[in-house]
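> Okay, handing you the structure first.
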């Protein structure tokens with residue numbers, strides 16, 4: 273019985289060590305962009321030419337959103 277618990281403990285230790293080394297982040301190839309409204313000074317954020325939502329933002333806010341998405345590895349600015 274003690275041998276069983278020792279083997280189980282070793283398996284947990286090995287699983288913990290190997291899981292820490294396998295969390296490599298793969299960079300994305302998606303592109304973030306902002307598109308100006310045809311008539312107003314507002315912008316829409318897109319990833320690969322697809323809207324992330326239907327909202328329009330001021331330029332500063334749209335740029336901040338693209339930076340946040342890049343930081344989350346959802347797209348490249």
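Residue numbers (the numbering used here): 273 to 349. The C-beta atom is built at its ideal place from N, Cα and C for all residues, glycine as well.
1. Please classify residue 337: does DSSP put it in a helix, a strand, or coil?
2. Rounded to whole angstroms, what is the Cα-Cα separation between residue 327 and residue 317?
3. Could you name the residues of the same chain whose beta carbon sits closer than 8 Å to that of residue 301, not counting the 5 residues immediately before and after it, in chain order?
4. Are there 16 or more other CB atoms within 10 angstroms of the CB of residue 341, so buried, or fewer, so exposed?
Taking the coordinates as given:
1. The residue labelled residue 337 in the question sits at position 65 within the chain shown. Three-state result, residue 337: helix.
2. As a first step, residue 327 is located in the chain shown; it is residue number 55 there, counting from the start. As a first step, residue 317 is located in the chain shown; it is residue number 45 there, counting from the start. One C-alpha to the other measures close to 8 Å.
3. In the chain shown, counting from the first residue as 1, residue 301 sits at position 29. Here the set comprises 348.
4. To locate residue 341, count along the chain shown from 1; it is residue 69. Around the beta carbon of residue 341, a 10 Å sphere encloses 16 or more other beta carbons of the protein chains shown; the residue is thus reported as buried.
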